[in-house]
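Asks: Take this structure, written in C-alpha cells, and hold onto it; I'll ask about it next.
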Amino acid sequence: RSTAPRASMPATRTMGTFLGLLAALSLFATETSAFGLAPGMLPAALSSPSLTSYPPSLARTGHSAVAPLRMASSSAEAATGRRGFLQLAGAAVPAILTLGGGVSPAVAADSGTPVAGIALKTLQTIAGGSEAELEAFKAPTDLQGADAAIYKVYKYAAEKCPATEDPRASLRGLFQSRVADGVYKWGVDGGIAPKVYDARGDGMTNQGKGGAIKGVSTLLAGYKKKGLLKDFTVDSSKHVEDLWLQAQPTTMTITVTGAAGSGAGKALKAENGLLCSLAASGMQGYFKQVKLFSQFDQSFDGDVETIVVNLKWAGKERQKGTLDRRAADKLNAARAYTEKVE
Numbered sequence: 005r006s007t008a009p010r011a012s013m014p015a016t017r018t019m020g021t022f023l024g025l026l027a028a029l030s031l032f033a034t035e036t037s038a039f040g041l042a043p044g045m046l047p048a049a050l051s052s053p054s055l056t057s058y059p060p061s062l063a064r065t066g067h068s069a070v071a072p073l074r075m076a077s078s079s080a081e082a083a084t085g086r087r088g089f090l091q092l093a094g095a096a097v098p099a100i101l102t103l104g105g106g107v108s109p110a111v112a113a114d115s116g117t118p119v120a121g122i123a124l125k126t127l128q129t130i131a132g133g134s135e136a137e138l139e140a141f142k143a144p145t146d147l148q149g150a151d152a153a154i155y156k157v158y159k160y161a162a163e164k165c166p167a168t169e170d171p172r173a174s175l176r177g178l179f180q181s182r183v184a185d186g187v188y189k190w191g192v193d194g195g196i197a198p199k200v201y202d203a204r205g206d207g208m209t210n211q212g213k214g215g216a217i218k219g220v221s222t223l224l225a226g227y228k229k230k231g232l233l234k235d236f237t238v239d240s241s242k243h244v245e246d247l248w249l250q251a252q253p254t255t256m257t258i259t260v261t262g263a264a265g266s267g268a269g270k271a272l273k274a275e276n277g278l279l280c281s282l283a284a285s286g287m288q289g290y291f292k293q294v295k296l297f298s299q300f301d302q303s304f305d306g307d308v309e310t311i312v313v314n315l316k317w318a319g320k321e322r323q324k325g326t327l328d329r330r331a332a333d334k335l336n337a338a339r340a341y342t343e344k345v346e
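In our numbering, the protein residues as written are 5 to 346.
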C-alpha cells in the first residue's frame, strides 16, 4: 500500500487532468487530424458579425447556431480547421459575456463603435421602448453599417424623448448624459484610462502633471487605437490656467477625422438637434469624472468633425444660486424686522 501522504492526491489528479487536456489539444493539432471545422461551423453567437456593439435588432445575420462536423478532405483543410478552433477558443469568453449582457456597453471592445448599443440600453432605462419596437420603427436613410444603426436608434430616441419648449422638461439632456456615461465606461473597460482627479482646484493641467487636457488626448488616442477614428487634434490654446483656477470658464477645440458614426452624427444634427458623436460622448463622460460641466458645439466638413468644448466647474452655478438665495433671504428678513420695529 502506498505510503504517500493523502494530501498529495488532489494535486496529482489535477496535474493528470492538465496533462490529459494538453495531450488532447496536441492530438487535435496534428497533421493527421481527421476532422476539420467546416465553414460556417462557428455558431452565430461566436461569429464576428455577432460580436459587435449593435443591438441584436440591427446586427447582421450570422451563420446557423447548429452545424455538423465533417471529415477534412486534405491536410490544408485540417489546418484551416485548427485555425478555426483557435479562433473559437479566443472568442469564447467575450462571446459568453456578450450573450450574458444583452447590449451591455462593455462588450466587444474592439469590434466597432459602441454608441448604438449604449443608446438603446439608455433609452430602455429612462424612456421605455424595446428592441422589438425599435425593429418596427421606420427611419429611412441612405446610410449603411454602423452609421445606419446609430441613426435609427437616435431617431427612435428623438421620438421617445421629444423636444419641449422648456429643455429642462425634456428627457433629451438625461439621455445624452447617460449615453456619455456608457461610452466613457466602455472605453475604461476596454483599457482606455485617462487621468481622473478634481480638475477644479487642481486645474486643467493638474499642476503640470498632465490633467484633463492630456486626458482628452488619452481618450481619443484610445479610440484611434481601436480603429474608431483615423486622427484627431486637441487645441487648448485659448485656455488660461490662472483664470481657470479662479473658476472662470474655458474652451477647447477638438477635430476628429474619420470617426465611426460621423455620417449618422451629421445627418442627425441637421434633422433633430440630438448630439451624436463618439468623441463628444466619451469626452462628456470623462469631464463628469473630473468634476466639470461641458457643452459641445459640433460641425462637419466632409469626414472631419469639429467640436468646440465649453467647460466650467461643475456645481459652480448651483453654489452661486444658493449663495444668492441665502443673501436675499437675509435681506428680506432684515427688512421684515425693520418694518416690524417701526
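Backbone N, C-alpha and C define an ideal beta-carbon position, used for all residues, glycine too.
1) Starting from the Cα of Phe141, find the closest Cα among Gln148, Gly133, Asp307 and give me that residue.
2) Just tell me which of Val308, Arg204, Lys189 has its CA closest to the CA of Ala197.
3) Under the rule that 16 or more other beta-carbon atoms within 10 Å means buried, what is Asp170, buried or exposed?
4) Measure the Cβ-Cβ separation of Ala268 and Ile122 and say whether it is below 8 Å.
5) Taking the DSSP output, what are the residues bridged to Ser298?
6) Using only the alpha-carbon positions, how far apart do Leu223 and Ala331 sit?
7) What number of angstroms, rounded off, separates the C-alpha of Lys234 from the C-alpha of Lys164?
8) Taking the straight line between their C-alpha atoms, what separation do you get for Lys229 and Phe291?
9) How many Å lie between Asp146 and Ala274 at the Cα?
10) With a threshold of 6 Å on Cβ separation, who are the neighbours of Thr254 within its own chain once the five nearest residues in sequence on each side are excluded?
11) How many whole angstroms separate the CB atoms of Thr283 and Val312, which I take to be in contact at a CB cut-off of 8 Å?
12) Which complete beta strand (DSSP E) runs does the segment 250–290 hold, if anything under 3 residues is left out?
13) Just how far apart, CA to CA, sit Ala131 and Ala337?
14) Smallest Cα separation from Gly286: which of Gly194, Ala203, Ala162, Ala318?
15) What's the C-alpha gap between Gln148 and Ala264?
16) The beta strand (DSSP E) that contains Val238, what's its start and end?
17) Give the DSSP bridge partners of Glu137, in chain order.
18) Should Val294 and Val220 be called a contact, given that it needs their Cβ atoms to be closer than 8 Å?
Replies: From the atom records:
1) Gly133
2) Lys189
3) exposed
4) no
5) Leu315
6) 42 Å
7) 33 Å
8) 21 Å
9) 15 Å
10) His243, Trp248, Leu315
11) The displayed chain sequence assigns Ala, not Thr, to residue 283. Not confirmed; about 12 Å, so no contact.
12) 254–261
13) 43 Å
14) Gly194
15) 12 Å
16) 235–239
17) Beta-bridge pairing links Glu137 to no other residue.
18) no
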